[in-house]
Structures are given as C-alpha cells and as structure tokens.
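If you're matching them up, the sequences are chains L and Y in order. Quick note on our numbering: the first sequence kicks off at 828 and runs consecutively. Quick note on our numbering: the second sequence kicks off at 828 and runs consecutively. For reference, the structure is listed below as structure tokens.
2 protein chains.
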Amino acid sequence: MKKFINTSESLLDDSLHGFGQAHGDIIDIHPHPHFVQRVAPTKPGKVALISGGGSGHEPLHTGFVGFGMLDAACPGQIFTSPTPDQMVAAAQESENGGGVLFIVKNYAGDVMNFEIAAEMLDCPCETVLINDDVSLPRTHSAGRRGVAGTTIVEKIVGAAAEQGADLTACKALGERVNRATASMGVALTSCTVPALGKPTFDMAPDEMEMGVGIHGERGRERMKLSSAADIVEDLATAIQAELQPPANQPVLLHVNGLGATPLIELYLIYNLAWQFWQKRGVRIDRCLVGNYTTSLDMAGCSLTLTLLDEELIRLWDAPVHTAALRWGC
Amino acid sequence: MKKFINTSESLLDDSLHGFGQAHGDIIDIHPHPHFVQRVAPTKPGKVALISGGGSGHEPLHTGFVGFGMLDAACPGQIFTSPTPDQMVAAAQESENGGGVLFIVKNYAGDVMNFEIAAEMLDCPCETVLINDDVSLPRTHSAGRRGVAGTTIVEKIVGAAAEQGADLTACKALGERVNRATASMGVALTSCTVPALGKPTFDMAPDEMEMGVGIHGERGRERMKLSSAADIVEDLATAIQAELQPPANQPVLLHVNGLGATPLIELYLIYNLAWQFWQKRGVRIDRCLVGNYTTSLDMAGCSLTLTLLDEELIRLWDAPVHTAALRWGC
C-alpha cells in the first residue's frame, strides 16, 4: 500500500488536524465527538445544515462547511458512518433557532445513525436523503446510493438557508434538487482502504467497473476498458434516460474525479459529456469539474446532471466560502 | 495504461476543448497556435503576464489564467515545451502597452523557446526564471528545476501587475518571490505518459523517489517507503536548510499533490509540515493545499515554502479569478 500515512488508525485525525490548521478562517474542528463547524456567525433563525458520512470522500463533506453551504459536517472513520453523538453535538452547536436539516447520503449506516440523532434532538429536525446514483435500478433493495450529486444539493440548499429559507422550504428544495439530479460513475482502478492495506476489489489491467459506487461497490457491469468517448456515452445515456431533459432545458453538468484521475482527463471527459448533451439541445448553463466526491485513491470519474431553473441557477451562483468551493466572496 | 483518453495524440486538444467550454467566462482557447487567454479586459499599460510549458501539470498553467494572475498560457504537448509561435501569438494578443513578462520554469526546452519568442517580439519583454526545486544542488549542470513554487510566483506577480506595477517592478518581484521560495517533492508511483503507454520509471511496491521532478525525473535518492512523518521530515529539512527562515518569519506553506494523491493524504502531509515549522517558531500565515502542479497520474506530493513580508501577503490576498484559484471576486 503506497500512501502518505503514519498509521491507518491515525489517518483521519492527522488529516483533520491539517484541515483545521489550513482553514481556521472558515472552520473549527471539534474533537470528542468529532465534527467540523463553520466559524462565520449565522443569522438567528437560519436553518442549520448538517451533513456527514464516512471519510475518504474529501473534500465532501468537510470541505463544504462554511458560509453559503454547510453549518457542520460529521466525518466518520474511512467509509464508515459517523455516530449519532457526532450529529447530536454538531446539531446542538449549530442550531440557531431555525431547526436542523440533515443531508444524508443513502447508505444504511448513515441513514440509521442520522435517524437516531434526529430522535435525540429536542429542536425541529428534518432530513433530505440523497440517492442520485442511477447505476442501480430504483427498485434495488437498499435503494439508490447517494454520490456526487450531494455537492449540488448542499450548495443549493446552503444558499437558500443563508438567504433565510425556513426548514420546510429547505427540505422541499433539497428533495427537489435530489430528484432533478442523476449521477453515474466508472472506476479504472480500485481504491485501497488503509486499514485493509490492499485494493477493495481486483480488476484486470484491461477492465473497468461501470456504475461503481464511491466505496468501490460493484456497479452495473465489469467491462473491457474502452475509449473515453464510449465510456462517456454509456454514463451519459444512463443519466439521459433517467432525467429526460427536453431541448433547451438548462442544466448543471458536474464531472467529478474519484481521487486519482488528473484534471487533464477530467476536462477531456467534460468535453465529451458537453458534446453529448449539446447534440440533444440541452443547455449546459453551469458546470463543475474536479475532485469533489472522491473514493480515496480510486482512478475513475462520475458524471452528474442537474436540471436547473431560474431559482436553482440563482442559488448555485450565490456566494459561497468553504475550503473546496468559493466564489462571490 | 488505464486512462480516460481517446488517442494519446488528441488528449491535449480534447482536454483543452473541455477546459474552454467549462470556463468560457474566464478564458478563451485560441487554436493554431494554441494558447489560453483571459477574457477579462486589462487596463491600458498593464504588464501582460504569460507562462506556459509542457502539458500534464494541470491546473498549471492554464488554470491560472484570469483576472489577478496570468494573461495567457501556452500549453505544449504532454511534458513538451510549447513552441515560440505560441508564445509570440499569446504575447501579441495580450500586450496592452505595458510590455510582456514571461514566467518560465527552468527546463532547457522551455527556456530556449521563450528566449526565441522574446527575440521575435517588438514590444518590451522580460523573463522570470523559476527554479525552486531544492532536490538538486545549485551547481547542477542544468540548474534547478521549476516546480510547484511557480504557482506562488504567478499569483503574487499577477496581483502586482493587476495593480499597475510596471515591467521592471514585475520582473524584480517575480525574481524576489522565486528566491524566497523552495520546494521538494516525493513520488510514490511513476506517472504514465500516454504516448509511451507505460510508467516512465519502475519502482518497487516498497520504494519511493525522494526529490522527484514533475516529469518523473530522478531525484535525490530512491528510498524505502517510510511513514508520512519521516517523509515530511526529509522534505522539510531540505527546504529549511535552503531558506533558513528565522523565528517569527511569516511564510506561505503549499502542499501540492502530484495528481493521484487524494486530499485526505495531502491534509495529513500539511499537518506534519505545519508541525515541523511550528516547532521552529516559523509563522505559517498563508497556505495552499491541493493539486496545483501535477505530474499526470503520479502519486506523490511536494512541499513549497515561501518567505513572506507584508507586501507579499497583500499581493497573495488580492482578488483572483481563474479556473483553479479564486477568491475575493
């Protein structure tokens, strides 16, 4: 295993310390239980947005804490749900009279622990469940997974909360953006979980995993490695079938790297995806290209499409100041 | 070779097209000869800052074109110098009465081609040479290489040019920042140049290359893979010996990923480097953590330290709006 670590046990703590030292103007790291909280004060009555999940997907979620996005994030151990005490502590520290909205990716452990935390809180608390991964059918027993679309939901709801939307409105908005969003990913290599010390799955040098999950879960199909053009055609076709954007529909196109794929390849993917939707008359009005929802050191990428309207564009464009996304301030 | 490409010949063009479509609000892509130019108008008399070099180091340099940083960047083929006609075209399009400053990393091909371009121009033109890599001795026959410190020079000189500094002042400032900057990197894996189709160098699963160059050049020493703490101690000690910052010296600490190293590891590296200089009483007043000067899909990282003063801090903090760095606007 070739990684910059001291021990697999201390990786998360060591990394969070570094994150805290690098971004002390944006966030505080709370130890015992661990959570990351924005330092910018919030207006009384603002809904507190809290997310979290297993670590290993950085910058998701800790890199999205700050003005205009999350109030706090609860990092679990690598690919392991955070515990309810983290969420309760984060909620108690962040709640400012507007209630708490949990943004939760659809994984059994995350869902269960956020539910327990919600029951323990004595303030109004709602949850938005993210399940944008179209690689699995809607009828899959565990439901669809939450993947890179999470960034889009957190940015848009974060802007609305900052602008004074109440808890009911934030929840409805988050669910609307989630429904308007579809993603699918592909892995060229497995990631290596430090505690395991070897790749999560084996894959031949000429193979790829189409529809992979962000923890290395099996996808739709193990396929022979093909050209970037064919790969994008497959990913985009699945998303297109799900969302069926009409001609002239404004959309946000997000090309997300899974951790070990360099930017030169991600922009090549963006070019191909742009052509796919351009040909169909879809208007790519906003985009995001880079490593935002990663899977440790996995080589791979995902495409995410979100159907936009004027309100969503306005909220996407609103100022944000986090470690990983920053504009307008 | 596991990459998202169509053909190795079309990789750069395909990727630049994607870059242009994604960031049309910031840059234009000029074809034949290729260069990337900022779209924000410049004030008459502003010095035109132009950089460039082989591709494969994204976001350097194309991701640094925009308000407050570069006026244009000339991307060569992968790890190959751009040609003088690119630099001449970029300079002619960008010159606005203040002359042209070339920011050139110290590689023989880049130096030669930027020199030829400078001779072909009929406007005032100066060059800043970047050679921040301390892995090689100062007496090395080709001189020291330019690596991740380039980002720091381009940001600081970019701010000064935007604020009206003239050509002489911009050149002097660039040389001052370069002298105040030292970097060293380490590779855990080789990169794979697409046209070659296999790793540039072989390295055993328990080895690393200390002092590696950003094209996979051999460094100081092939070593057994050690803990992140030991690795950072080695990198930071070399930088410390070069710059010898006194106690209370304000510095900028830049942890740069080489392409395939995830953020969770880069923040762990930052934590260790922060501790190294904290122990020595050095004041880490500014930082930058992420993948900025990459080496295709190489797993590895580099540390860069820049000695700051009030002027450099003010210029670092000045607004910038590029694809890869953005704040204050």
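Ideal placement from N, C-alpha and C gives every residue a C-beta, glycine not left out.
The beta carbons of Y/G925 and Y/V874 sit about 4 Å from each other, so the pair counts as a contact at 8 Å. Legend: CB atoms of the region 878-912 of chain L lying less than 7 Å from CB atoms of chain Y belong to residues S882, G883, E885, P886.
Under the Cβ criterion (8 Å, minimum of three pairs), the region 1142-1153 of chain Y counts as touching the region 973-987 of chain Y. Closer than 8 Å at the C-beta level to chain L, one finds these residues of the region 1104-1125 of chain Y: I1111, C1114, V1116, N1118, T1121, L1123, D1124. The C-beta of L/N940 has 16 or more other C-beta atoms within 10 Å across all chains shown, which makes the residue buried.
Counting along the chain, L/E1036 sits inside the beta strand (DSSP E) bounded by residues 1034-1037.
When DSSP states are grouped into helix, strand and coil, Y/T954 belongs to the strand group.
Within the same chain, E1034, E1036 come within 7 Å of Y/R1049 by CB-CB distance, once the 5 residues on both sides are set aside.
Only P1032, M1035, L1052 from the region 1030-1052 of chain Y bring a Cβ to less than 8 Å from some Cβ of chain L. Taking 8 Å as the cut-off, the Cβ atoms of L/L1123 and L/T1019 count as close. Counting only Cβ-Cβ distances below 7 Å, L/L1130 has no contacts in chain Y at all, with the closest Cβ about 12 Å away. Just so you know, the alpha carbons of Y/M914 and L/G903 end up roughly 49 Å apart.
One Cα belongs to Y/L1139, the other to L/D852, and the distance between them is close to 19 Å. Separation of L/A916 and Y/K1025 (C-alpha to C-alpha, rounded to the nearest whole angstrom) is 50 Å. Here the alpha carbon of L/G890 sits roughly 10 Å from the alpha carbon of L/A899. When the Cα atoms are used, L/I930 and L/C952 turn out to be separated by approximately 11 Å.
Cβ neighbours of L/P886 within its own chain (closer than 7 Å, five residues either side excluded): Y1119, A1150, A1151. At a cut-off of 8 Å between beta carbons, L/R1153 contacts chain Y.
Using a Cβ-Cβ cut-off of 8 Å, Y/H844 counts as an interface residue toward chain L, since at least one Cβ of chain L sits closer than that to its own. When the alpha-carbon of Y/K998 is set against those of Y/R965, Y/D1029, Y/M1011, Y/I957, the nearest one is in Y/I957. With contacts defined as CB atoms closer than 8 Å, Y/Q1076 and Y/R1110 qualify as a contacting pair.
One Cα belongs to L/R1141, the other to Y/D855, and the distance between them is close to 25 Å. Non-local C-beta neighbours of Y/L1093 in its own chain, meaning closer than 7 Å and more than five positions away in sequence, comprise V1082, G1084, V1116, G1117, C1128, ordered along the chain.
Considering only L/S962, L/Q1102, L/A996, L/V955, the residue with the shortest C-alpha distance to Y/G847 is L/Q1102. A Cβ-Cβ separation of about 5 Å places Y/H884 in contact with Y/T1121 under the 8 Å criterion. Taking a Cβ-Cβ cut-off of 7 Å, the neighbours of Y/G1086 in chain L comprise P1089, given in sequence order. Cβ-Cβ distances below 6 Å link Y/G893 to I853, R865, H1148, T1149 in the same chain, with the five nearest sequence neighbours on each side left out; the list follows chain order. By the Cβ-count criterion, L/A1074 is exposed, with fewer than 16 other Cβ atoms from all chains shown falling within 10 Å of its own Cβ. Of all residues in the region 847-863 of chain Y, only Q848, A849 come within less than 7 Å of chain L when Cβ atoms are compared, listed by chain position.
When Cβ-Cβ separations below 8 Å define contact, L/K830 makes contact with chain Y. In this structure, DSSP gives Y/L963 a state outside helix and strand, which the three-state scheme calls coil.
Against Y/T1016, the close residues of chain L are K829, in the order they occur along the chain (beta-carbon pairs closer than 8 Å). Annotated three-state conformation of Y/K998 is helix, per DSSP.
For L/S1054, at least one C-beta of chain Y is nearer than 8 Å to its own C-beta. Within the region 831-873 of chain Y, the complete beta strand (DSSP E) runs of at least 3 residues fall at 854-857, 862-865. The straight-line gap separating the alpha-carbon atoms of L/L843 and L/H888 is approximately 12 Å.
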